[in-house]
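Numbering (my numbering), first residue to last: 1 to 143.
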Amino acid sequence: MASCIFCDIIGGTAGATVVYEGESVLGFLPLPEGRLAEGHVLVVSKRHVTDLFDATEPDLHALILGVRRVSDALRSALGASGVNVLSASGPNSDQSVFHVHFHVVPRWEGDGLWTWPAGKSEHRVRGDAAALIRKHFAGLGGG
Ligand SMILES: [Zn+2]
């Protein structure tokens with residue numbers, strides 16, 4: 001496997017400012033040039049998992065719980081009024097580190113940040129997107 005900067009951080013061979021450690025997730029600050037706000041935290045699984053598609057349900061449970069715990073800390077410790085949770089998975093998603101992670105960005109009134117994408121996809125789905133998604137789940141027998 002190619003080297004993974006997040007695995008190096010988890011293994012202690014690369015430095016990072018760790019702010020949260022759970023049983024199976026770690027929270028640390030991105031590199032300064034990648035921070036969208038003070039207190040921007042990356043929540044990653046300690047196990048190397050490429051992306052959402054590669055993650056098991058226990059991985060996902062731990063990750064979203066870690067996101068919630070970090071979000072609580074950003075409100076309590078930094079006075080954030082809310083958070084944005086950002087993640088990318090798979091080709092053409094702009095995922096930059098291929099180890100599943102969620103950005104948790106604290107938000108304050110009048111902070112000048114705009115995290116919702118400004119553009120819209122030019123890709124056109126063949127058929128009705130909602131109907132195709134429902135058909136997918138119907139094929140799985142629910143759940
Ligand atoms: Zn990794």
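For each residue, glycine too, the CB sits at the ideal point set by N, CA and C.
For His-103, the enclosing beta strand (DSSP E) has its first and last residue at 101-107. Take the alpha-carbon of Pro-91 and the one of His-123: they are about 14 Å apart. For Val-44, the uninterrupted beta strand (DSSP E) run begins and ends at 41-45, by DSSP. Separation of Arg-107 and Ala-77 (C-alpha to C-alpha, rounded to the nearest whole angstrom) is 13 Å. By the CB criterion at 8 Å, Val-100 and Leu-42 fall outside the cutoff.
In this model, Thr-13 and Cys-4 are separated by some 11 Å (Cα to Cα). Remark: C-beta atoms of Ser-81 and Leu-52 do not approach each other more closely than 8 Å. Looking from the CA of His-48, the closest CA among Asp-94, Ile-10 and Val-83 belongs to Ile-10.
Take the alpha-carbon of Thr-56 and the one of Thr-50: they are about 11 Å apart. Taking the Cβ of Phe-53 as the reference point, every heavy atom of ligand 1 lies at 7 Å or farther away.
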